[in-house]
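Quick note on the working numbering: the sequence shown kicks off at 1372 and runs consecutively. Here a beta-carbon is modelled for each residue, glycine too, at the ideal position from N, C-alpha and C. These numbers come from a predicted model, not from an experiment.
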Amino acid sequence: MSDNTASAKAKKQEETGESKARRSSAKKTVQTTETSFNMAELRELAELVNEHGFTDFEFENENIRVRLSKMTSAPIMPPVQSISAPTAAALHTSGETKTTTVSETPPEEELHQITSPIVGTFYRSASPDKDPYIKEGSKVSPETTVCIVEAMKLMNEIQAETSGEVVKIYVENGQPVEYGQPLFGIRK
């Protein structure tokens, strides 16, 4: 074995040992940073959890466990805002026409459609533990609240705007609805 080869091999071992030492010291630095939280970091984490609406957050690794829980009382219902459904004339003036075929009623009978005035989530009652505003067979008047459509955390009450009997409910509770989508069929 020549001196050059032996010195190159020794130099390579030194470099390998040196790089191992660098890697292990870097690991130690990373481990200590990952396993310790100071109060400022904990506050920042709590603010992020609160900002994103979490009620619980948990982080755990080998050396530390952090759990943040938000104390909440009864669920807060957003304020209710009343919006009336657009009339059939208003829908025709906008250039939009929708035809819906109802298979359970005779074709000669035309139902008045109560449509969603906004994009949102359809709810049949004010809260999950309450009865629905109306059911199939219910009699309604123009000022009868028939459902709620939630949009941007606002609960919007939808009125029937006509008198008659509810013949068909087209949407399931909790389902997203689009503007102009039929919600109910009313026989006048």
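Straight through space, the alpha carbons of E1549 and G1491 are spaced by roughly 7 Å. DSSP, reduced to helix, strand and coil, places E1415 within a helical segment of the structure shown. Residue environment for F1555: buried (at least 16 other C-beta atoms within 10 angstroms of its C-beta).
Going by DSSP, D1427 is part of the beta strand (DSSP E) stretching over D1427 to E1431.
Our two residues, N1432 and G1551, have alpha carbons roughly 51 Å apart in a direct line.
For R1495, there is no enclosing beta strand (DSSP E), as DSSP marks it with neither H nor E. When the five nearest sequence neighbours on each side are left out, the beta carbons in the same chain lying within less than 7 Å of the beta carbon of D1502 are those of S1496, in order along the chain. E1528 sits in a strand when the DSSP states are folded into three classes. Of all alpha-carbon atoms in I1529, D1500 and I1505, the one lying nearest the alpha-carbon of T1486 is that of I1529.
Apart from the 5 residues on each side of it in sequence, S1512 sits with its Cβ closer than 8 Å to the Cβ of A1531 and S1534 in its chain, given in chain order.
Cβ neighbours of E1507 within its own chain (closer than 8 Å, five residues either side excluded): V1537, V1538, K1539 and I1540.
Residue range T1516 to A1522 is occupied by the beta strand (DSSP E) that includes T1516.
Around the beta carbon of I1557, 16 or more other beta carbons sit within 10 angstroms, so the residue counts as buried.
In this structure, DSSP gives E1481 a state outside helix and strand, which the three-state scheme calls coil.
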